[in-house]
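Worksheet: one structure, shown below.
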Amino acid sequence: MNHKKLWIALSLVVGISFAVLLFYGNQIYQKAPPVPEQVVDESGNVLFTGSNIKDGQNVWQSMGGQEVGTVWGHGAYVAPDWTADYLHREAQYLLNKWAGGDFESQSSEQKALLERRLQIFLRKNTYDEATKTLTLAAERIEAFEHNKAHYTSLFMNDPALDKLRSDYAIPKNAIKDESRMEKMAQFFFWASWACVTERPGESITYTHNWPNDAQIGNVPTGDLVIWTGFSIIMLLIGIGILVFVQARTQQEEVLKPVNDPLMNQVITPSMRATKKYFWIVNILILAQVMLGILTAHYGVEGDALYGIDIASFLPYSITRTWHVQIAIFWIASAWLATGLYIAPSLSGRDPKFQKLGVNVLFVALLIVVAGSLIGQWFGVMQKLGLVENFWFGHQGYEYVDLGRFWQLLLVIGLFLWLTLMIRPIVPIIKKGTSERGLLILFLISCFAIAFFYAAGLMWGRTTNLAIAEYWRWWVVHLWVEGFFEVFATVVAAFLFTRMGLLRIKSATNNVLFATIIFLSGGILGTFHHLYFTGTPTGVMALGATFSALEVVPLVLIGFEAFHNYRMSKSTEWLADYKWPIYFLLSVAFWNFLGAGIFGFIINPPIALYYMQGLNTTPVHGHAALFGVYGMLGIGLMLFVLRSMYRKQKWNDKLIKFTFWTLNAGLLLMVVVSLLPVGLMQTFASVNHGMWYARSAEFMQQPVVNVFKWSRIIGDTVFGIGTLTLFLFVYQLTLKKNKSTN
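Positions 11 to 751 (the numbering used here) are the ones given, in order, by the sequence shown.
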């Protein structure tokens, strides 16, 4: 396919995909589980209002939200899914009440009758769209009061629940105010009501019968099975087409320049100013890993560190928030700094005030990182009002936990970065050089990085959870998994062309083709995160179909890995770039294993129905986020440092040790600990229900704890790798080194 047709194809893929994404976004707005203006008893007495439910959602967010258990399956994995837990407790209360004692002691026939009565009772939709009123029967109100008492004891300071609190890694007085606690219980009721209440005129609940619990009638729908089969068919079709294209595409011969074109590259003042970004990147990597180790430990000792009480001032919800948030910060910083280094290298000179802009952006990023982390601590410790928490504290949504004020500052910072990228690149594009097409792609990916993070501003403090989840996944999927991937593809191609290893024209066409393939599944693949978040069935159909296509290019990623390996061996001077290229090779491995294999395990609708919110999710999360984006961030950092210190001799033994310990540690962490726990939970979920797979009863079994403790093996190896990486960068950038020959 020629250059022009590739651009047309890319435009069509992006245009059509976003039109569909926005159309179904509008459908989600229309069909989200309704928040009633008032909840009343059968006599019309108001029990609580929609404002109470929304305030309760804010209370849940303020204590950590998705960093303390999950709601609708999204969040953290030590505490339960609160919707599954609520529904199970509600069901047990009603069944015991109707049985006149112990439900389990009844005959099989009597139990079957009571369970059928329960399903009819709970699944009936008593919401009146005309009056925006939800009516509850007296028995359901009793069940709510029963559950509210339990959650009040749990989240406040009832000594009788100390053991359960520890199992859930929730500190005493996580909620300090009884009125706040009451509102959070009302939010839990509403979120659970959406899971068990059938949509008007349909026989499925607002969340497609999730969480699975046969006792309340939440069993897989026909749509789940049909679209799972269709997604597998689409995967096979996609692989077949791509194999055919790959087979008829002539592999480009690797060029073999005699000398390194970057050896005498001019390092401008702004390029040299990016060095401090990489210092911060390494400090943040260390912080992230230490917080990750502490967070993992909370899974076996939820209120202390080997008996030392740290949960009272550094609870699980904070360590996990910081662990995830810092990962995003350092990976993004490494990639942004790489862009700031590459842009002026095109002409070998800085636009006016470019260095000042790089330094201002650096300070701005430090303010956002420090300010947001401090604000999150104040929010979780319940030291902020609900409005102040939204703006400066903890938003409670995983990956975008930072307060709205810090979000706004980060968006401004990203657009400042975009400006710093545009200024040196546009003059080169105007010259009409052979690099023009690749540079236009580069700028498009830069614009997407700045623009799509702003999707995180689309929800407000009281936005319906289903709608907030839609926009949140624009950030997590489209920003992190989508356009950063495009940016990385362009940067890698650009580096290899600047090193004289690839021809500009073929590199541009290859990047265009790769971007088309990736985005054709990636944009609408966003929907696979939204199967069970109060969305219409069309979202499941599209998510299953297009997210399967995301896996297609990963199946053939070995070709890319082999191509990069060939390049690393093509000429003698490339030995100096061995370890940056090897980190790119590891990205290919983790793309296949973490994003491809582990991603597809939880991707089909029927699989995710049983697995959403289990430890199979962090298997994919760790292997894909650090394995792909983290390793790529480190690889890009090493490319920049190799260029910046081109005539310095590297400590090859140290960086070799770092490479293998990081990769081996991550593999051990995933395979020895997270995956076995996730698979055991899956069996429990299929056989007994989601509530049981996430319960303390299951998660604190001795055999499960053995696997949780075994994570220390991978964590230790991985932690050593981050220490040696820090030491390597320190030796290279802050100590005098020998010159290479």
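The C-beta atom is built at its ideal place from N, Cα and C for all residues, glycine as well.
It should be emphasised that the depicted structure is a prediction, and the values quoted were computed from it without experimental measurement.
Can you name the start and end residues of the beta strand (DSSP E) that residue i belongs to?
| i | result |
| --- | --- |
| GLN40 | Unbroken run through GLN40 is the alpha helix (DSSP H), 13 to 41; no beta strand (DSSP E). |
| ASP51 | 48 to 51 |
Less than 6 Å between C-beta atoms, sequence neighbours within five positions excluded: which residues of the same chain meet that for residue i?
| i | result |
| --- | --- |
| PHE58 | VAL49, GLN196 |
| SER343 | TYR287, VAL291 |
| GLN37 | PRO546 |
| ALA517 | ALA503, THR507 |
| CYS456 | LEU428, MET431 |
| VAL562 | GLY248, ILE249, LEU252 |
| THR732 | ILE295, LEU296, VAL299 |
| LEU512 | PHE506 |
Can you tell me the Cβ-Cβ gap for residue i and residue j, rounded? I've got them flagged as a contact below 8 Å.
| i | j | result |
| --- | --- | --- |
| GLY4 | ILE341 | Within the shown structure, residues of the chain are numbered from 11 to 751, placing residue 4 beyond reach of any answer. |
| ALA184 | PHE198 | The pair is not a contact, with the Cβ atoms about 14 Å apart (cut-off 8 Å). |
| TYR287 | PHE372 | 6 Å |
| VAL490 | ALA458 | Incorrect: roughly 12 Å between the Cβ atoms, too far for contact. |
| THR143 | GLU47 | 7 Å |
| SER357 | ILE438 | 6 Å |
| LEU304 | LEU315 | 7 Å |
| LEU737 | LEU664 | 7 Å |
| PRO230 | LYS365 | That belief does not hold up - the Cβ atoms of PRO230 and LYS365 are roughly 59 Å apart, past 8 Å. |
| VAL334 | ILE180 | Incorrect: roughly 18 Å between the Cβ atoms, too far for contact. |
| TRP481 | GLY466 | 7 Å |
| PHE649 | PRO590 | 5 Å |
| GLY606 | LEU564 | 4 Å |
| LEU104 | LEU128 | 6 Å |
Within its chain, find whatever has a CB closer than 8 Å to the CB of residue i; leave out the 5 residues flanking it on each side and keep chain order.
| i | result |
| --- | --- |
| VAL682 | PHE717, SER720, ARG721, ILE723, GLY724 |
| LEU376 | ILE290 |
| LEU16 | ASN519, LEU522, PHE523, ILE526 |
| THR238 | ALA554, PRO614, PRO615, ILE616, ALA617 |
| ASP223 | ALA94, LEU97, HIS98, ALA101, GLY699, MET700, TRP701 |
| TRP483 | THR536, HIS539, LEU540 |
| LEU146 | VAL49, VAL50, ASP51, GLU52, LEU57, THR136, PHE154 |
| LEU742 | LEU651, TYR655, GLN658, TRP660, ASN661 |
By DSSP's criteria, residue i is part of a beta bridge. Which residues make up the other side?
| i | result |
| --- | --- |
| THR518 | For THR518, which the question treats as bridged, DSSP gives no partner whatsoever. |
| VAL490 | Bridge partners of VAL490: none, in fact. |
| ASP91 | THR80 |
| THR143 | GLN48, ASP138 |
| GLN417 | For GLN417, which the question treats as bridged, DSSP gives no partner whatsoever. |
| ILE318 | LEU315 |
| ASP223 | ASN228 |
| GLY85 | THR80 |
| THR215 | GLU208 |
For the alpha helix (DSSP H) that contains residue i, what are its first and last residues?
| i | result |
| --- | --- |
| THR59 | Here THR59 belongs to no alpha helix (DSSP H); instead the beta strand (DSSP E) covers 56 to 59. |
| GLY309 | Counting along the chain, GLY309 falls outside any alpha helix (DSSP H), and DSSP gives it neither H nor E. |
| GLU398 | 396 to 402 |
| GLU445 | Counting along the chain, GLU445 falls outside any alpha helix (DSSP H), and DSSP gives it neither H nor E. |
| THR207 | No alpha helix (DSSP H) contains THR207, which DSSP labels as neither H nor E. |
| ASP725 | 721 to 744 |
| GLU408 | Run containing GLU408: none; DSSP gives neither H nor E here. |
| LYS663 | 662 to 678 |
| ALA465 | Element bounds for ALA465: n/a, residue is neither H nor E. |
| GLY110 | Taken as a continuous stretch (DSSP letters only), GLY110 belongs to no alpha helix (DSSP H), as it is neither H nor E. |
| ALA344 | 326 to 355 |
| PHE599 | 588 to 600 |
| PHE708 | 706 to 709 |
| LEU584 | Segment: none, LEU584 is in no alpha helix (DSSP H) and carries neither H nor E. |
Give every residue of the same chain whose Cβ lies closer than 7 Å to the Cβ of residue i, excluding the five residues on either side of it in the sequence, and list them in chain order.
| i | result |
| --- | --- |
| LEU685 | VAL629 |
| ASN751 | Reliability fails at ASN751, whose pLDDT of 46 lies under 50, so the model's placement of it is uncertain and no value is given. |
| TYR592 | PHE669 |
| ASN673 | SER596 |
| MET690 | VAL714 |
| PHE339 | LEU294, VAL379 |
| LYS182 | ASN167, ARG175 |
Residue i CB to nearest chain C CB: under 8 Å?
| i | result |
| --- | --- |
| ILE236 | Although the question refers to chain C, the structure presented lacks it and comprises just one protein chain. |
Beta strand (DSSP E) runs contained entirely in the region 161 to 204, provided each spans 3 or more residues: none
Which runs of the beta strand (DSSP E), 3 residues or longer, sit entirely within the region 518 to 569? none
Which full runs of the alpha helix (DSSP H) of 4+ residues lie inside the region 358 to 397, going along the chain? 364 to 390
Ignoring anything shorter than 4 residues or poking outside the region 606 to 663, list the alpha helix (DSSP H) runs there in chain order. 608 to 611, 615 to 621, 626 to 634, 641 to 654
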